[in-house]
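Position in the sequence shown (from 1) plus 73 gives the number in the working numbering. Quick reminder that beta carbons are idealized off the backbone N, C-alpha and C, glycines included. As the structure is a computational prediction, the values presented were derived from the model and not from experiment.
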Amino acid sequence: MAMRVRKAVFPAAGLGTRFLPATKAQPKEMLPLVDKPIIQYGVEEALASGCDQIIMITGRGKQAIEDHFDVSYELERMLEERKKTDLLQIVRQISDMIHISYVRQKEALGLGHAVLTARELVGNEPFAVLLADDVIDAEVPCLKQMMKVFEETQCSVIATQVVEGPAISSYGVLKVKPADGRFNGRLFEIEDMVEKPKPEKAPSNLAIIGRYILTPAVFETLAETQSGTGGEVQLTDGLCALLKREKMYAYVYEGKRHDTGDKLGFLKATVEFALKRADLGGPLREYLKSLKL
């Protein structure tokens, strides 16, 4: 019987040091992209892709994430009394969106360790991992595109995009071979992966992006993975070990990625998402035209 992906894991225990002092007292995942926190974009993508269970990996100081997706009785009562039905509907949609479970990562021991903490809740079934910093604007949600690949291959799938020049050294990079021209040439079989190589040593220009569909066997390889620099367990190391056991694929998704974990990327995403809004796009466009740049 073909396996189906129902659960999505969101590692959200990072400290968000690149956005200090804004993230001193609030999670970076709760920074607003226009009027919606970054992590909500990822949750909505998982929901639109067919996931019906969200597993959030949190840590100290992340209570705001739980509060955001929880019911806010006082706020709802106030909006109801003031007849602000449009805002009331928005607030209720968030809490009614999907069931979310939370796992506490007591120490920041790396992305691989964060994924490993979800083992008991995921169980023996394939699952998705979404990194909230990567907000992907796509007509068909990126994860949904990957779901179709998984349904056909029943193998782990990693999202990838072409990155040219020196910037490739900021990513995990894939060594691949074509996968029989399937999915309009966007699918590749992974042969190896290297974490943040020097540009001249990068095996390709295909960078790993924060969307994964993984088989449960990855929990075994992550449990066996030795910690590296800073005592962290790297997800890439666990995936390299998994590659020795199972076939894995890379998929060049259709869509535009915004790195909202980077200050400039966050600002660009805010402008581009605002320009698409019916209520903000026109006035913002006129304002931008008025700037003497």
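Tell me, to the nearest whole angstrom, how far the beta carbon of D206 is from that of G328; I am working on the premise that it is less than 8 angstroms. With a Cβ gap of about 15 angstroms, D206 and G328 do not count as contacting.
Given a threshold of 16 other Cβ atoms within 10 Å of its Cβ, counted over all protein chains shown, does S174 qualify as buried or as exposed? Classification for S174: exposed.
Need the endpoints of the beta strand (DSSP E) that T131 sits in, please. Counting along the chain, the beta strand (DSSP E) containing T131 begins and ends at Q126 to T131.
Extent of the continuous alpha helix (DSSP H) run through Y285: Counting along the chain, no alpha helix (DSSP H) covers Y285; the unbroken beta strand (DSSP E) around it starts and ends at L279 to L287.
Are G123 and K217 touching if we call contact CB-CB under 9 angstroms? Pairing G123 with K217 gives a Cβ-Cβ distance under 9 angstroms.
Rounded distance between the beta-carbons of A119 and I127, thought under 8 angstroms: Right, the Cβ-Cβ distance comes to about 6 angstroms (below 8 angstroms), so this counts as a contact.
Which residue comes first and which comes last in the alpha helix (DSSP H) that contains I112? Taken as a continuous stretch (DSSP letters only), the alpha helix (DSSP H) holding I112 covers I111 to A121.
Note down the Cα distance separating V144 from V246, rounded to an integer number of angstroms. Linking V144 to V246 through their CA atoms gives a straight-line distance of about 41 angstroms.
Got a sec, what are the start and stop residues for the alpha helix (DSSP H) Q162 sits in? Note, Q162: alpha helix (DSSP H), T158 to D169.
The alpha helix (DSSP H) spanning G185 covers which residue range? Element bounds for G185: L184 to L189.
Would A232 and I263 be called neighbours here (beta carbons separated by less than 9 angstroms)? Contact check for A232 against I263 fails: the beta carbons are separated by 9 angstroms or more.
Residues near D310 in its chain [Cβ-Cβ closer than 6 angstroms; skip 5 each side]: Once the five neighbours on either side are set aside, the close Cβ partners of D310 are T298.
Just the Cα atoms here: how many angstroms apart are K101 and D253? Rounded to the nearest angstrom, the two C-alpha atoms are 41 angstroms apart.
Looking at V202: is its Cβ nearer than 9 angstroms to the Cβ of A323? No; because the gap between Cβ atoms is not below 9 angstroms, this pair is not in contact.
Bounding residues of the beta strand (DSSP E) (the contiguous stretch that carries A137): Element bounds for A137: not the beta strand (DSSP E) but the alpha helix (DSSP H), Q136 to F142.
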